[in-house]
Amino acid sequence: NNNQQQSNEPYVLLHIGPHKTGTTTLQNFLVSAHSKDLPFLKADNLVIPSEEDLPGTFHKMPMLNFAHCMLKNYKKDGGQLNVGMCNRIRKTFPPFLEKSYNASKNVIIVAEDLDRPTVDFDRIRYYLKPYTRIKIVATYRRLHDWLLSFYNQIIDLYMGKYASGEEEYPSFVEWVQQQYEDFHSRHTVELIKRYKQNGFLEVGVVNIHDETTTLMQNFFCNHVPNAKETCLVIRNGMWNTTKSNVGGSHEYERLIIKARYQGKFKYPMDKKGAEKLSRKLVKIMNKAQRGLVDHLGLQCLPDDLALELMKTEMKHEREFFPEWYEMRGGDIGLKIDFEKVSRTKLCSLNVDKILDIGIL
Numbered sequence: 006n007n008n009q010q011q012s013n014e015p016y017v018l019l020h021i022g023p024h025k026t027g028t029t030t031l032q033n034f035l036v037s038a039h040s041k042d043l044p045f046l047k048a049d050n051l052v053i054p055s056e057e058d059l060p061g062t063f064h065k066m067p068m069l070n071f072a073h074c075m076l077k078n079y080k081k082d083g084g085q086l087n088v089g090m091c092n093r094i095r096k097t098f099p100p101f102l103e104k105s106y107n108a109s110k111n112v113i114i115v116a117e118d119l120d121r122p123t124v125d126f127d128r129i130r131y132y133l134k135p136y137t138r139i140k141i142v143a144t145y146r147r148l149h150d151w152l153l154s155f156y157n158q159i160i161d162l163y164m165g166k167y168a169s170g171e172e173e174y175p176s177f178v179e180w181v182q183q184q185y186e187d188f189h190s191r192h193t194v195e196l197i198k199r200y201k202q203n204g205f206l207e208v209g210v211v212n213i214h215d216e217t218t219t220l221m222q223n224f225f226c227n228h229v230p231n232a233k234e235t236c237l238v239i240r241n242g243m244w245n246t247t248k249s250n251v252g253g254s255h256e257y258e259r260l261i262i263k264a265r266y267q268g269k270f271k272y273p274m275d276k277k278g279a280e281k282l283s284r285k286l287v288k289i290m291n292k293a294q295r296g297l298v299d300h301l302g303l304q305c306l307p308d309d310l311a312l313e314l315m316k317t318e319m320k321h322e323r324e325f326f327p328e329w330y331e332m333r334g335g336d337i338g339l340k341i342d343f344e345k346v347s348r349t350k351l352c353s354l355n356v357d358k359i360l361d362i363g364i365l
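Quick note: the sequence shown, position 216, residue 221 per the working numbering, numbers continuous.
Put into C-alpha cells, the structure is as follows:
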C-alpha cells in the first residue's frame, strides 16, 4: 500500500513562508523548545537542525542558512551565504540527516527565504537526502493585508536612506502600483504553484485568518503529521508564544521627513515637539479616514487595482478554504471586509496637500 508506506516514511517538512506570515513565531517556538530539550518534540519524533548542522550567517535561526544555500546564484541572488559557506553545510548537514532518517525522525525547517523566485528545487532535494518525502507548508494571508505588511517592513529596512534623502520615500499606494506584479508572484498561492510545478506535491496551506484557531495550533495540529503531543501542548495553552515580527504604519514619519526637507517643520526636533506633532497628526489621520477633511484628499489604490486585489482574494479562498470562506459569508462577506479597508488602510496621506495648506 503506497499510502501506508508514505505515512510510515520519515519526512522533512519545509515551511516556506512567505515573509510576513508568522514564520518568526514558529521559528522562535521550535528553536526554544529544541534548545531546552523539551519532551513533546521528542515524543512526536520531531527534530530541527542546530547551528552545528547548518552553520552560517544566521546564528540564532540556523534554518535560514539552509534557505540561503538554496538560492541558485547564492549571494548574486541576494543571499547571505557564499559558495564556500554552503560547501561547509554540505559537510555538516548530511550526518544530521542520516542520523535522523535512520532513527525515523521527522525534520522541520521553517525558513521564509524559501519563498524567493531563484530557489533551486533540485538543490533542495539533493541537500535533503536520504529523505525522499518532503512536505511543503505555506501560510496564507490575504493579498492586500500581506502587501501592506511587506511594505512596512521594507520601509523599516530603508528608513535611514529615506530620512537622509538618499532615496525617495514612496507611499504605500505608490509602492503597490510600482511593485504589484513582482510581489504578487511571491504571494502564498503563487509560491505553492511554483513548488507544485517543480514536483513537490505534498502541500499544505495554513489560513492565518481562521479565528477558530491560532497560527501555531493550525500548523502543528493540522499540517505537521503525527505531532499529537506538540499539538496538545499548544492547544492547552501550556506554551506562551513569543512575540512575532509585527510592523507598523509609517505615514506620520513619511510626512515628517518630507516636511523637514521642505523647511516646513514647525516643531523642534525634540521629544516634546515630536509628541505635539504626533497628537496633531493622529487627529488629521482620523478625520481624513472619516472623510471629514476632504481637502487632504487621501490617496487610495486605483479602482481597477483594488478590484483586482479583491477578486484575487475571492479566487484564493474559494480554492483553498471553501468551507471557511462560505462560513464567513463567501464573496459578499469578503467584499464587505475589503471595502472597510479599501478607503482606510489601503490609502496614504497626501503629504503634498497637507504641507501646501500649512496644516502643520
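Note that the Cβ used here is the ideal one computed from N, Cα and C, for glycine as well. On a predicted model such as this, the values are computed, not experimentally measured, just so you know.
Whether residue i touches residue j by CB criterion (8 Å)
| i | j | result |
| --- | --- | --- |
| proline 15 | serine 109 | yes |
| phenylalanine 126 | leucine 153 | no |
| isoleucine 262 | tyrosine 163 | no |
| isoleucine 213 | tyrosine 156 | no |
| methionine 68 | arginine 128 | no |
| leucine 196 | threonine 30 | no |
| threonine 193 | alanine 143 | yes |
| histidine 255 | isoleucine 160 | yes |
| lysine 80 | asparagine 87 | yes |
| phenylalanine 98 | aspartate 42 | no |
| leucine 102 | alanine 72 | no |
Residues sharing a beta bridge with residue i, DSSP
| i | result |
| --- | --- |
| alanine 143 | Val210 |
| isoleucine 113 | Leu18 |
| arginine 138 | Tyr16 |
| cysteine 305 | Cys352 |
| valine 367 | The displayed coordinates of the chain run from 6 to 365. Any statement about residue 367 would go beyond what the structure contains. |
| valine 124 | Leu76 |
| valine 178 | Answer is none; valine 178 lacks a bridge partner. |
| valine 52 | Val112 |
Spatially closest choice to residue i from the options, by CA coordinates
| i | options | result |
| --- | --- | --- |
| tyrosine 136 | Leu51, Lys166, Ser105, Thr193 | Ser105 |
| arginine 348 | Ala72, Gln304, Asp361, Lys65 | Gln304 |
| arginine 121 | Thr28, Gly22, Arg138 | Gly22 |
| arginine 284 | Pro307, Ala264, Val88, Tyr257 | Tyr257 |
| asparagine 107 | Val88, Leu86, Ile160, Asn50 | Asn50 |
| serine 169 | Met221, Ala264, Lys47 | Ala264 |
| asparagine 223 | Val181, Leu86, Val211 | Val211 |
| valine 36 | His24, Leu86, Ser55 | Ser55 |
| glutamate 207 | Asn13, Thr28, Lys96, Arg138 | Arg138 |
| glutamate 172 | Tyr266, Tyr131, Gly89, Glu318 | Tyr266 |
Inter-residue Cα distance where the pair is residue i and residue j
| i | j | result |
| --- | --- | --- |
| serine 40 | leucine 18 | 19 Å |
| asparagine 6 | valine 229 | The predicted position of asparagine 6 is uncertain, since its pLDDT is 43 and thus under 50; a value taken from the coordinates is nonetheless stated next. Using only the alpha carbons, I get a separation of about 22 Å. |
| leucine 354 | lysine 345 | 17 Å |
| phenylalanine 343 | lysine 320 | 14 Å |
| lysine 340 | glycine 61 | 45 Å |
| glutamate 215 | glycine 268 | According to the sequence as given, residue 215 is aspartate; it is not glutamate. The alpha-carbon atoms of aspartate 215 and glycine 268 are separated by roughly 47 Å. |
| arginine 199 | serine 190 | 9 Å |
| leucine 306 | glutamate 186 | 15 Å |
| isoleucine 362 | glycine 165 | 28 Å |
| valine 124 | aspartate 82 | 9 Å |
| glycine 334 | valine 356 | 37 Å |
| isoleucine 337 | glutamate 324 | 16 Å |
| cysteine 352 | glutamine 182 | 12 Å |
| glycine 209 | glutamate 328 | 16 Å |
| glutamine 202 | lysine 350 | 34 Å |
| lysine 140 | leucine 133 | 12 Å |
| glutamine 184 | arginine 259 | 19 Å |
| phenylalanine 205 | methionine 66 | 24 Å |
| glutamate 234 | phenylalanine 225 | 9 Å |
| proline 100 | phenylalanine 34 | 24 Å |
| proline 175 | isoleucine 359 | 16 Å |
| glutamine 158 | alanine 48 | 37 Å |
| glutamate 331 | asparagine 227 | 20 Å |
| leucine 297 | aspartate 308 | Residue placement at leucine 297 is poorly supported in this model, since its pLDDT is 45, which falls under 50; the coordinates still yield a value, given next. Going by the C-alpha atoms only, they are around 21 Å apart. |
| glycine 27 | histidine 64 | 20 Å |
| asparagine 78 | phenylalanine 188 | 20 Å |
| glutamine 85 | cysteine 91 | 10 Å |
| histidine 300 | histidine 20 | Low confidence applies here, because histidine 300 scores a pLDDT of 48, under 50, leaving its location unreliable and the question unanswered by this model. |
| asparagine 13 | asparagine 111 | 11 Å |
| glutamine 32 | leucine 46 | 14 Å |
| alanine 38 | asparagine 231 | 17 Å |
| glutamine 10 | isoleucine 94 | Since pLDDT at glutamine 10 reaches only 46, below the 50 mark, its modelled position is unreliable, and the value read off the structure follows with that caveat. One C-alpha to the other measures close to 30 Å. |
| lysine 316 | phenylalanine 326 | 15 Å |
| glutamate 179 | lysine 96 | 46 Å |
| arginine 130 | valine 52 | 18 Å |
| lysine 288 | glycine 242 | 39 Å |
### Message
With three or more beta-carbon pairs closer than 8 Å as the criterion, would you say the stretch 309-321 touches the stretch 111-120?
### Response
Cβ pair count under 8 Å is below three, so no.
### Task
Specify whether the stretch 234-241 and the stretch 148-158 touch according to this definition: at least 3 beta carbon pairs, one from each stretch, less than 8 Å apart.
Output reads no: the stretch 148-158 does not touch the stretch 234-241.
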